[in-house]
Amino acid sequence: MTIAEAKSLLGNFRNGDRAERWFDLGSGSGTFTRALAEGLPHGSAITAVERARSAFGDLPRTHAGIAIDQQVTDMEQLVIPAPVDGILMANALHYVKDQRAFLQCILQRIVDDGTFLLVEYDTDRARPPWVPFPISGSRAKVLLAEAGFPEARHLGTRRSIHGPEMMYATAFRRAGK
């Protein structure tokens, strides 16, 4: 997927015009990190998180004027400093076995008016080793509502380049914020 395609899938996810602090968990080589950067206000910053430095590929330290920090750690062991304005997980949550507990832990680090962006395959059928713990859009809405993020705004859908499944992008926010 190209950066332009990822940006199109994310659509308009913005919270506002002030600089924001984001984490991209399971960033890989940074296609969605860069798409996120292109949608953030000037002065924002992103921390891209991956298990191995080699996974970052040629991810730059800045993109579209947004600072990108690279942190090498397992996203399930990461302690996110509070507060952050948003967390992006693009094709990464399906690697987490206990998604409920993981979401409860990371989402408490997002500010009240912040956003959780999720990009995933819209399926409940596992395809190990690539999608061991799938999370369909309907299941994601249930888990995120349980974690205090019941407002879901669908951002986009596209066919996966790796199979017949559709991919979805959804922005989740806390109710009344």
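Heads up: the sequence shown begins at 237 in our numbering, then just goes up one per residue. Ideal Cβ positions, reconstructed from N, Cα and C, are used throughout, including at glycine.
Taking only the alpha-carbon atoms, compute the straight-line gap between residue i and residue j and give it to the nearest angstrom.
i             : j                 : result
glycine 262   : isoleucine 371    : 15 angstroms
glycine 252   : alanine 303       : 18 angstroms
proline 386   : threonine 406     : 12 angstroms
proline 277   : glycine 301       : 9 angstroms
glutamate 382 : threonine 351     : 15 angstroms
leucine 353   : phenylalanine 249 : 8 angstroms
arginine 419  : glutamine 306     : The question about residue 419 has no answer, for the chain in this structure spans 237 to 413.
lysine 243    : arginine 395      : 15 angstroms
tyrosine 404  : leucine 272       : 15 angstroms
aspartate 360 : glutamate 401     : 10 angstroms
glycine 339   : phenylalanine 268 : The sequence as given places leucine at residue 339; glycine does not occur at that position. Cα to Cα, the separation comes out at about 20 angstroms.
Under the rule that 16 or more other beta-carbon atoms within 10 Å means buried, what is residue i, buried or exposed?
i                 : result
lysine 413        : For lysine 413, the predicted structure reports a pLDDT of 48, less than 50, and the residue's modelled location is therefore unreliable. The matter cannot be settled from this model.
phenylalanine 369 : exposed
serine 280        : buried
isoleucine 323    : buried
valine 308        : exposed
histidine 299     : buried
glycine 399       : exposed
glycine 254       : A small correction: the amino acid at residue 254 is arginine; glycine does not occupy that position in the sequence shown. By the 10 Å Cβ count, arginine 254 comes out exposed.
valine 315        : exposed
arginine 389      : exposed
threonine 283     : buried
Quick check on residue i: does DSSP put it in helix, strand or coil?
i                 : result
lysine 413        : Caution applies to lysine 413, whose pLDDT of 48 falls short of 50 and renders its modelled position unreliable; the value that the coordinates give is listed next. Coil at lysine 413, not helix or strand.
phenylalanine 292 : helix
phenylalanine 259 : strand
phenylalanine 249 : coil
phenylalanine 268 : helix
glutamine 306     : strand
alanine 362       : coil
phenylalanine 408 : strand
arginine 394      : strand
glutamate 401     : coil
Counting pairs of beta carbons, one from the region 327 to 335 and one from the region 287 to 306, are three or more of them closer than 8 angstroms?
Contact between the region 327 to 335 and the region 287 to 306 is absent, because fewer than three Cβ pairs lie under 8 angstroms.
In the region 330 to 360, which residue ranges form an unbroken alpha helix (DSSP H) of at least 4 residues, counting only runs that do not cross its ends?
Runs found: 335 to 343.
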